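Residue numbers (the UniProt record's numbering): 1 to 141.
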């Protein structure tokens with residue numbers, strides 16, 4: 001049996017339902033504790049009896065998002081920038097990637113990936129000039 005890691009709320013629900021099932025407790029008390037309906041408590045009890053602690057874990061917890069780029073595609077985009085298009089800005093580079101590879105990607109994603117892999121100079125922040133340069137208090141007297 002694999003180890004199940006639960007977050008705080010999932011752990012809280014698990015302990016409440018486990019106590020309810022083990023001690024043959026009061027469902028109304030569990031309803032008040034979990035802030036849900038009787039139907040939801042009954043559903044949690046059935047799932048707990050079938051699956052155990054894993055019933056309370058979110059089902060897409062360790063799953064990679066469907067829109068995520070593969071590691072190979074990420075490497076290919078970074079290599080293309082290093083080899084050919086290092087003099088372009090990120091917005092223009094995303095258009096080039098779309099034309100060459102057929103992949104639509106945002107300029108912020110490209111920016112983030114390239115800042116992780118390639119050293120970029122930090123943006124210089126201009127010093128603000130104070131508005132009272134040359135102001136002389138004595139001239140007002």
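The beta-carbon is built from N, C-alpha and C at its ideal position, and this holds for glycine as well.
Please read all numbers here as calculations on a predicted model, not as lab measurements.
Suppose the cutoff is 7 Å on Cβ atoms and the five residues either side in sequence are ignored; what does the same chain contact list for residue 74 look like? For the purposes of this step, residue 74 is identified with residue 74 of the chain shown, where counting begins at 1. Contacts found: 113.
Note down, in chain order, each residue of its chain lying with its Cβ closer than 6 Å to the Cβ of residue 98, except the 5 sequence neighbours on either side. Position 98 of the chain shown, counted from the first residue, corresponds to residue 98. Once the five neighbours on either side are set aside, the close Cβ partners of residue 98 are 104.
Considering only the alpha carbon of each residue, which of 37, 48, 89, 111 lies closest to residue 11? In the chain shown, residue 11 corresponds to position 11, counting from 1. Put simply, of 37, 48, 89, 111 the residue whose alpha carbon is nearest the alpha carbon of residue 11 is 48.
Cβ shell of residue 27 (< 6 Å), same chain only, five flanking positions each side left out: Position 27 of the chain shown, counted from the start, is the residue given in the question as residue 27. Around residue 27: 41.
Going by alpha carbons, who is nearest to residue 35 out of 19, 25, 59, 9? For this step, residue 35 is matched to residue 35 along the chain shown. That would be 9, whose Cα lies nearest to the Cα of residue 35.
Over what stretch of residues does the alpha helix (DSSP H) that includes residue 50 continue unbroken? Reading the chain shown from its first residue, position 50 is the one you call residue 50. First-last of the alpha helix (DSSP H) with residue 50: 38-51.
Run through DSSP, which three-state label would residue 88 get? Mapped onto the chain shown, residue 88 falls at position 88. Under the three-state reduction of DSSP, residue 88 is assigned to coil, being neither helix nor strand.
Using the beta-carbon count (16 or more within 10 Å), is residue 79 buried or exposed? The sequence position of residue 79 within the chain shown is 79, counting from 1. With fewer than 16 Cβ atoms within 10 Å of its Cβ, residue 79 is classed as exposed.
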